[in-house]
Every structure is written in structure tokens, then in C-alpha cells.
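A.B. asks: Could you have a look at this structure, given as C-alpha cells, before my questions?
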Amino acid sequence: MDKEKLTVQVMLSRFCNDLMMVGRRSVQTAETYKIAVNEFFTWCQKEQLKLSDVSAQNLLYYLAWRRTCGCSELTLAKDISALRSLGSYLVRMNYWKENTALLLDRPKASRPLPRVLSEQQIEKLLAAIDTSDALGIRDRALFEVIYSCGLRISEASSLLIGNLHMQERILMVHGKGDKERLVPFGETAFFWLEKYFTEARPLLVGQKITAEVFVNYQGNPISRKGIWKRFRELEIVSGVNAKVHTLRHSFATHLLAGGADLRSVQELLGHSDLATTQIYTHVNDEQLKKMHEQYFPGHGDAGKQQ
């Protein structure tokens, strides 16, 4: 079959399958790259440019065009990653003699700093929970554990009783990519977990056998949406503006501020890449800058006037 006559859909399908089977990429990554490459193919057709004739200059023109369309640096970085993978595939399929996409430099996409709460705000948020009934006790235990262990909302909803070791005060967390990690929890989380198991959970579960730690009012595993909804209600009552994931960000930032080393925090969060954890050091830098501005008002302005 003439390579140039392959339909776009056939090429995209083969490229996507190659990413998963040969490149061992996830389905999500393969689909993301497929969408990006489809955009490139569409541009080539508009420019009447054959795939076999694509040069590094053409790729630069394409990225410049994408930029004028309003694409962010993060989107362009993903585009370049997709084009590099496409180039590798085309070289192996003898479409290209060399992977010209490797000449492209990925832009350093600026990442917004995660929002964190102060310890006082955390206390205010958690203290606003009404623990006079079973659901309130569950909520206090739930959000204490999320904050104390830096859990993702999905990790909290899927936490199993078999992975909760009360005596050792350790959780076995099942995180992203089917990776497991051990995370200790503090005395406050222990107190509310024990209270939840002795006073609240038996009332919620009744005669049911539920493997998950946290359950809803029917005794079934609480969903991520259920956790989000309860936190939204808590946010309104407490007056503290945050998201569930803000507790995880705050956990990491408070650990680093307390002197924990970056590698330890990386392990506790379950990050595969240390660079992901390093963003919390920048959060601390921002806090230091704000503190400096608070206690030394006008100092920076004075320097500019000299």
C-alpha cells in the first residue's frame, strides 16, 4: 500500500496502538497524543504538505500557528511530546529518515502554585464539623485522615479496612498507577478514627459487610462525589475557602516548613517524580516573601527609589 495514501484515521489508529503496545503508554496518554497528532495532520492537509516531506522548519511553523490560535505553553509542550513520539513511530515505519521532531525544544510551562491553608485555617475548618451524630464523626475522621496523610480524594474513598493498621498508626495507600505506599498518621487522626469505628461506623453499616473504611449514610462506600459534597458544605459553614485537594497541598507544605526533607515528602505523597514535589518548596518561598512584605512594608519600594 502507498504510504501517502493511508487515510488519516488509519494512521492515527496505528500510531495510537503503537504507543500503547510498543511505547507502553497509558490509554489516556495515547488518546491525548492522538488528538494532538490529528491537529497536526489537519494542518498538513491545509498546507498541502505531504507527511514524508515534513521538515523541522515545517514543525516550527506549525507550532507558531498553534501559538497564534491561543494555545498555552502547557498545550504546546504536550504537542511537542506528541510530535516526538510520532516522529519516532514514522522513523520505524520508514516514513522519515530521522526524527526531526527531536530538534524541537519543549517550552517550560509555568505551573500555578498550589493553594495551601495555614495550620490555623485547617483547625478552623475541621473544628466546624458537627460531631454530634454518626455522619459528623465520620466526616471529622475522614478529613483528619486526608490532611494527616496527604491523601488524594480517590485514595480516601477507596481506603480499605485491611490496609488500616491502627496499632502501628500506618495506612497502606493504593495510589496512582496501582502503586502502594505506607503513610503514618498522627494522634488526632487516630483519636477520630477510633471514635468513628467504635461509635459511628457500626450505626452506618448495620448488618452490611463493607470493606472500605469510610461509608455513606446507607453503609455503602462513600464516593468521591460524596466526599466533595460534604467538604463543600463544610467550606460554607467554616468560611474557609478551599478544596479537598487543598488539604493534601497543605499537608506537604506544612511538612516541609517543619523541616521534613523533600525525598520523604515525595514518598509520603506517592510522587514518581521529585520535580512534582519540588513545587511545594516554591510555596514556602512565596510564604516567606509575603511574611517579609508584611513585616518590612515599603522596603522593596525604598530600594526602587534609590
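Straight run, no breaks: the sequence shown in the numbering used here ends on number 306. Heads up, the beta-carbon is just placed ideally off N, CA and C, and yes, glycines get one too.
Span of the alpha helix (DSSP H) holding I122?
C.D. replies: Unbroken alpha helix (DSSP H) run through I122: 119 to 127.
A.B. asks: State buried or exposed for V22, treating a residue as buried only when at least 16 other CB atoms are found within 10 Å of its CB.
C.D. replies: Flag for V22 reads exposed.
A.B. asks: Tell me the rounded alpha-carbon separation between S250 and K243.
C.D. replies: S250 and K243: Cα-Cα distance of roughly 11 Å.
A.B. asks: Since P221 contacts S157 with CB under 8 Å, what's their CB separation in whole angstroms?
C.D. replies: Right, the Cβ-Cβ distance comes to about 7 Å (below 8 Å), so this counts as a contact.
A.B. asks: If you compare alpha carbons, which of K176, E212, A36 is closest to D273?
C.D. replies: Ranking K176, E212, A36 by Cα distance to D273 puts K176 first.
A.B. asks: Residues bridged to I170 by DSSP?
C.D. replies: According to DSSP, which records beta bridges pairwise, I170 is partnered with H165, P184.
A.B. asks: Exposed or buried, which one is R138 when buried takes at least 16 other CB atoms within 10 Å?
C.D. replies: R138 comes out buried.
A.B. asks: Per DSSP, E212 is paired with what?
C.D. replies: DSSP lists L160 as partners of E212.
A.B. asks: Can you tell me the Cβ-Cβ gap for R115 and T246, rounded? I've got them flagged as a contact below 8 Å.
C.D. replies: Correct: roughly 6 Å between the Cβ atoms.
A.B. asks: Please return the same chain residues whose Cβ sits closer than 6 Å to the Cβ of L193, not counting the five positions on each side in sequence.
C.D. replies: Around L193: A141.
A.B. asks: Please give the ranges of any alpha helix (DSSP H) in the stretch 23 to 91, keeping only runs that are unbroken, at least 4 residues long and fully inside the region.
C.D. replies: With a minimum length of 4 residues, the continuous alpha helix (DSSP H) runs that stay inside the stretch 23 to 91 are 27 to 46, 56 to 68.
A.B. asks: Assuming N17 is part of the alpha helix (DSSP H), what are its boundary residues?
C.D. replies: Segment 8 to 21, the alpha helix (DSSP H) holding N17.
A.B. asks: Between the C-alpha atoms of A77 and R230, what's the straight-line distance to the nearest angstrom?
C.D. replies: Distance between the alpha carbons of A77 and R230 is about 36 Å.
A.B. asks: Give the DSSP bridge partners of P114, in chain order.
C.D. replies: BP columns for P114 are empty, so no partner.
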